[in-house]
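These protein sequences, in sequence, are chains A and B. Going by my numbering, the first sequence opens with residue 1, and the numbers climb by one from there. Going by my numbering, the second sequence opens with residue 245, and the numbers climb by one from there. Ideal placement from N, C-alpha and C gives every residue a C-beta, glycine not left out. Encoded as structure tokens, the structure appears first; notes follow it.
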Amino acid sequence: MRDLDPRVKLLWMVICTTGALVFYDPIWMMGLACFSLVGTLVLGADLKSFIARFRHFLGFLSFVVLLQVIFNRSGAPVLSINSFVLLYSAGLNRGIIIALRYFVILCAASVMVEENNRKVIAALTQMGIPYTFSFMLLTALRFLPLFRSSFSNALVAIQLRGVELNKIPWNKRLYFYSSLILPVVADAVVRAQQLATVMEARGFGALPQRTSYVQVAMKFKDWTFAILLFGLCGFAFKLYYFKF
Amino acid sequence: MSAAITLTDVSFIYPGSDFSFSCSHLEFPQNEVTLITGHNGSGKTTLSKLMCGILKSVTGRVDIFNRDTKNLTLGEVGKCVGYLFQEPTQQLFTPTVWKEMTFVDEILGRTSNETERKALDLLEWFGLTGLKERSIYYLSRGEQQRLALCTLLMSGANFFILDEPTTGLDKNNRKRLYTLMDDLVARGKGFAVITHEGELIDKYAYSQVRLEKGKVIA
Numbered sequence: 001m002r003d004l005d006p007r008v009k010l011l012w013m014v015i016c017t018t019g020a021l022v023f024y025d026p027i028w029m030m031g032l033a034c035f036s037l038v039g040t041l042v043l044g045a046d047l048k049s050f051i052a053r054f055r056h057f058l059g060f061l062s063f064v065v066l067l068q069v070i071f072n073r074s075g076a077p078v079l080s081i082n083s084f085v086l087l088y089s090a091g092l093n094r095g096i097i098i099a100l101r102y103f104v105i106l107c108a109a110s111v112m113v114e115e116n117n118r119k120v121i122a123a124l125t126q127m128g129i130p131y132t133f134s135f136m137l138l139t140a141l142r143f144l145p146l147f148r149s150s151f152s153n154a155l156v157a158i159q160l161r162g163v164e165l166n167k168i169p170w171n172k173r174l175y176f177y178s179s180l181i182l183p184v185v186a187d188a189v190v191r192a193q194q195l196a197t198v199m200e201a202r203g204f205g206a207l208p209q210r211t212s213y214v215q216v217a218m219k220f221k222d223w224t225f226a227i228l229l230f231g232l233c234g235f236a237f238k239l240y241y242f243k244f
Numbered sequence: 245m246s247a248a249i250t251l252t253d254v255s256f257i258y259p260g261s262d263f264s265f266s267c268s269h270l271e272f273p274q275n276e277v278t279l280i281t282g283h284n285g286s287g288k289t290t291l292s293k294l295m296c297g298i299l300k301s302v303t304g305r306v307d308i309f310n311r312d313t314k315n316l317t318l319g320e321v322g323k324c325v326g327y328l329f330q331e332p333t334q335q336l337f338t339p340t341v342w343k344e345m346t347f348v349d350e351i352l353g354r355t356s357n358e359t360e361r362k363a364l365d366l367l368e369w370f371g372l373t374g375l376k377e378r379s380i381y382y383l384s385r386g387e388q389q390r391l392a393l394c395t396l397l398m399s400g401a402n403f404f405i406l407d408e409p410t411t412g413l414d415k416n417n418r419k420r421l422y423t424l425m426d427d428l429v430a431r432g433k434g435f436a437v438i439t440h441e442g443e444l445i446d447k448y449a450y451s452q453v454r455l456e457k458g459k460v461i462a
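This is the structure in structure tokens:
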């Protein structure tokens with residue numbers, strides 16, 4: 001399944017992310033999360049890298065869930081101390097939904113990050129998308145790991161100036177981390193500018209059409225998988241909205 | 245002369261790579277400039293990262309002022325060893341030169357008149373006083389590098405590891421850097437400098453660590 005056509009993988013990604021945005025039921029969202037995780041592994045994402053990537057988001061996900069649980073105070077009380085209600089059902093549901101939504105998006109992105117660049121560009125171009133957009137999309141995806149590595153370099157650099165992270169007062173932490181973002185973003189902008197200049201210097205974008213050495217073709221397996229995905233998607237949405 | 249950094253029976257290997265680094269014993273003295281030289285891929289950057297605890301050795305130990313780096317956080321290392329990256333903008337974080345000088349003290353909540361005095365003295369010494377309010381992105385490479393070195397001195401470091409500090413510097417800025425290094429050595433600081441620069445190698449030829457294929461050969 002790892003060698004499926006990139007268009008099928010894109011279709012799978014679109015279906016998963018659309019589901020993540022439209023489902024507001026925790027049970028459905030859990031189902032979608034399981035489906036996405038299995039799909040991610042079947043379609044070629046490496047489990048170890050996926051777990052490593054997911055670990056980075058755990059803190060953020062917990063924070064988002066906590067915000068929902070604290071501020072969404074509707075529905076039936078779930079947990080209370082004396083007369084003070086700590087947790088309401090709507091807050092809990094919303095927290096779970098949002099955490100799972102990010103999880104599904106991460107699963108979907110994992111597959112595309114590990115896909116062959118040239119094949120994705122060829123697939124998108126063959127679908128009629130202008131090649132400049134296809135290149136832009138792929139470049140943006142490739143920038144994410146660079147962005148992360150720049151941020152960890154900045155973190156090392158600041159610690160080597162004598163900053164012990166656990167000793168930063170809580171009220172200064174936001175200022176600290178936002179300051180680290182500045183050189184990382186500046187670095188990304190400079191790299192993007194350099195990349196654009198280099199590509200233009202090599203004639204990129206000079207003509208509306210561009211030939212490609214790499215060509216992709218949908219095989220029987222790809223069509224079968226795509227049709228199955230469409231069918232499953234249609235069935236799931238009908239069940240979700242109309243309950244039959 | 246006392247050693248600032250000592251490596252004993254150190255070995256290191258990058259996961260999934262054929263490259264390995266090893267050395268039985270290596271000392272970097274305080275009050276001296278030691279050059280680290282070798283071809284591309286010989287292990288210079290690996291050695292420098294082991295020296296300041298960014299990388300942890302697989303076997304052996306690396307001591308910074310007699311303390312094993314395995315027991316030190318990067319923040320603790322940063323208080324005695326400063327690392328100047330090849331690209332100075334990688335270690336500058338705030339919009340202006342002055343804010344950069346006081347950034348660490350500000351986030352650690354220890355700004356005082358004494359800190360400001362120290363920052364002003366350092367800026368003057370490094371010839372950056374006139375650029376106090378300037379954006380770090382409008383500084384020349386030589387100025388950015390001097391500022392980065394200044395910020396390392398603010399942390400109280402006594403030993404500095406410089407990764408190819410002459411890259412992109414013209415002759416005047418190179419000379420300025422050498423003078424600064426000599427001044428700092430005279431004030432009791434030490435340096436380990438990764439370089440390919442012939443001028444620098446001639447100047448400090450008496451103290452050189454030469455690497456080849458991850459091994460110390462001289």
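Helix, strand or coil at Arg305(B) [DSSP, three-state]: The residue you call residue 305(B) lines up with position 61 of the second sequence. Correct three-state label for Arg305(B): strand.
CB contact below 9 Å: Met295(B) versus chain A: On the second sequence, position 51 is the one that residue 295(B) refers to. The Cβ of Met295(B) sits no closer than 9 Å to any Cβ of chain A.
Residues near Met218(A) in its chain [Cβ-Cβ closer than 6 Å; skip 5 each side]: Position 218 of the first sequence, counted from the first residue, corresponds to residue 218(A). Excluding residues within five positions, the ones whose Cβ falls inside 6 Å are Asp5.
Complete beta strand (DSSP E) runs within the segment 154-185 of chain A (minimum length 3 residues, chain order): Every candidate beta strand (DSSP E) stretch fails here, since none sits fully inside the segment 154-185 of chain A while reaching 3 residues.
Alpha carbon of Phe263(B) to alpha carbon of Val65(A), nearest angstrom: As a position in the second sequence, residue 263(B) is number 19, starting the count at 1. As a position in the first sequence, residue 65(A) is number 65, starting the count at 1. When rounded, the distance between both Cα atoms is 43 Å.
Where Trp12(A) falls, given that 16 or more other Cβ within 10 Å makes a residue buried: Your numbering for residue 12(A) matches position 12 in the first sequence. Trp12(A) comes out buried.
Where Lys415(B) falls, given that 16 or more other Cβ within 10 Å makes a residue buried: Position 171 of the second sequence, counted from the first residue, corresponds to residue 415(B). Exposed, because fewer than 16 other Cβ atoms sit within 10 Å of the Cβ of Lys415(B).
Interface partners of Glu115(A) on chain B, CB under 9 Å: Here residue 115(A) refers to the residue found at position 115 of the first sequence. Result: empty, since nearest Cβ-Cβ is about 21 Å, beyond 9 Å.
Phe265(B) - DSSP class collapsed to helix/strand/coil: Locating residue 265(B) in the second sequence gives position 21, counting from the first residue. In the three-state DSSP reduction, Phe265(B) falls in the strand class (E or B).
Chain E within 9 Å of Gly400(B), Cβ atoms only: No chain E is present in this structure, whose protein chains are A and B.
Contained beta strand (DSSP E) runs [length at least 3] in the segment 53-86 of chain A, N- to C-terminal order: The qualifying runs are 77-81.
Minimum Cβ-Cβ distance from Ile158(A) to chain B less than 9 Å: In the first sequence, counting from the first residue as 1, residue 158(A) sits at position 158. At a cut-off of 9 Å between beta-carbon atoms, Ile158(A) makes contact with chain B.
Proximity of Arg73(A) and Ala99(A) at Cβ, strictly below 9 Å: The residue given as residue 73(A) occupies position 73 in the first sequence. The residue given as residue 99(A) occupies position 99 in the first sequence. With contacts defined as CB atoms closer than 9 Å, Arg73(A) and Ala99(A) fail to qualify as a contacting pair.
Nearest neighbour of Asp187(A), chosen from Phe54(A), Val22(A) and Asn153(A) [CA to CA]: Position 187 of the first sequence holds residue 187(A). Nearest C-alpha to Asp187(A): Asn153(A).
Thr250(B), enclosing beta strand (DSSP E) - first and last residue: Working through the second sequence from its first residue, we reach residue 250(B) at position 6. That run of the beta strand (DSSP E) goes Ala247 to Ile257.
Cβ contact check for the segment 166-182 of chain A and the segment 360-373 of chain B: 3 or more pairs under 8 Å: Short answer: they don't touch.
Proximity of Glu114(A) and Ala45(A) at Cβ, strictly below 9 Å: As a first step, residue 114(A) must be located in the first sequence, where it is residue number 114. As a first step, residue 45(A) must be located in the first sequence, where it is residue number 45. Yes. Within cutoff.
Candidates Tyr258(B), Thr252(B), Thr338(B) and Arg420(B): closest to Thr303(B) by CA position: If you number the second sequence from 1, residue 303(B) lands on position 59. For the residues Tyr258(B), Thr252(B), Thr338(B) and Arg420(B), the minimum Cα distance to Thr303(B) belongs to Thr252(B).
Proximity below 9 Å, CB of Ala123(A) to CB of Leu10(A): Translated into the one-based positions of the first sequence, residue 123(A) becomes position 123. Translated into the one-based positions of the first sequence, residue 10(A) becomes position 10. Taking 9 Å as the cut-off, the Cβ atoms of Ala123(A) and Leu10(A) count as close.
Cβ-based neighbour list, Gly229(A), same chain, cut-off 7 Å, excluding 5 preceding and 5 following: As a first step, residue 229(A) is located in the first sequence; it is residue number 229 there, counting from the start. With the sequence shown as reference, residue 229(A) is identified as Leu, and Gly is not the correct amino acid for it. Hits under 7 Å: Leu11, Trp12 and Ile15.
C-beta contact flag for Trp342(B) and Lys376(B) at 9 Å: Numbered from its first residue, the second sequence carries residue 342(B) at position 98. Numbered from its first residue, the second sequence carries residue 376(B) at position 132. Lys376(B) sits close to Trp342(B), with the two beta carbons spaced by under 9 Å.
Through-space distance from Cys296(B) to Ile96(A), alpha-carbon basis: Taking the first residue of the first sequence as 1, we reach residue 96(A) at position 96. Taking the first residue of the second sequence as 1, we reach residue 296(B) at position 52. C-alpha separation (whole angstroms): 42 Å.
Assigned exposure category for Ile438(B) - 16 Cβ within 10 Å defines buried: Here residue 438(B) refers to the residue found at position 194 of the second sequence. A buried status is given to Ile438(B), since no fewer than 16 other beta-carbon atoms sit within 10 Å of its beta-carbon.
Given Thr353(B) as reference, the closest of Leu86(A), Thr132(A), Ile168(A) and Asn93(A) once Cα atoms are compared: Along the second sequence, one-based indexing puts residue 353(B) at 109. According to the sequence provided, residue 353(B) is Gly. The question's Thr does not apply to it. Between Gly353(B) and the set Leu86(A), Thr132(A), Ile168(A) and Asn93(A), the nearest pair of CA atoms involves Ile168(A).
Helix, strand or coil at Gly205(A) according to DSSP, with G and I counted as helix: Position 205 of the first sequence holds residue 205(A). Judged by DSSP in its simplified three-state form, Gly205(A) adopts coil rather than helix or strand.
Within the segment 347-414 of chain B, ranges of the beta strand (DSSP E) (whole runs, at least 3 residues): As far as the segment 347-414 of chain B is concerned, its whole beta strand (DSSP E) runs of at least 3 residues are 403-407.
Rounded C-alpha distance that separates Leu67(A) from Ser83(A): Taking the first residue of the first sequence as 1, we reach residue 67(A) at position 67. Taking the first residue of the first sequence as 1, we reach residue 83(A) at position 83. Here the alpha carbons of Ser83(A) and Leu67(A) stand approximately 21 Å from one another.
Any C-beta of chain B under 9 Å from that of Glu164(A): To locate residue 164(A), count along the first sequence from 1; it is residue 164. Yes, Glu164(A) lies at the interface with chain B (some Cβ there is under 9 Å from its Cβ).
Of the residues Met1(A), Ala226(A) and Phe135(A), the one placed nearest Lys119(A), counting alpha carbons only: Taking the first residue of the first sequence as 1, we reach residue 119(A) at position 119. Comparing Cα-Cα distances from Lys119(A) to each of Met1(A), Ala226(A) and Phe135(A), the minimum goes to Phe135(A).
Local Cβ density within 10 Å of Glu331(B), reported as buried at 16 or more and exposed below that: In the second sequence, the residue the question calls residue 331(B) occupies position 87. Glu331(B) should be labelled buried.
Cβ pair count under 8 Å reaching 3, the segment 154-166 of chain A against the segment 316-332 of chain B: The segment 154-166 of chain A makes contact with the segment 316-332 of chain B; the number of CB pairs closer than 8 Å reaches 3 or more.
Local Cβ density within 10 Å of Leu270(B), reported as buried at 16 or more and exposed below that: To locate residue 270(B), count along the second sequence from 1; it is residue 26. Classification for Leu270(B): buried.
Heavy atom of the ligand MN within 8 Å of Gly458(B) beta-carbon: For the structure depicted, the ligand MN is absent and the ligand set is empty, with no information on it obtainable.
Test item: CB-CB of Gly39(A) and Ala236(A) under 9 Å: Walking along the first sequence from the start, residue 39(A) turns up at place 39. Walking along the first sequence from the start, residue 236(A) turns up at place 236. Ala236(A) sits away from Gly39(A), with the two beta carbons spaced by 9 Å or more.
Distance between Lys447(B) and Phe404(B) (C-alpha atoms, nearest Å): Here residue 404(B) corresponds to residue number 160 of the second sequence, with the count starting at 1. Here residue 447(B) corresponds to residue number 203 of the second sequence, with the count starting at 1. Taking the straight line joining both Cα atoms gives about 18 Å.
Leu141(A) and Ala109(A) closer than 9 Å at C-beta: Counted from its first residue, the first sequence places residue 141(A) at position 141. Counted from its first residue, the first sequence places residue 109(A) at position 109. Going by C-beta atoms, Leu141(A) is nearer than 9 Å to Ala109(A).
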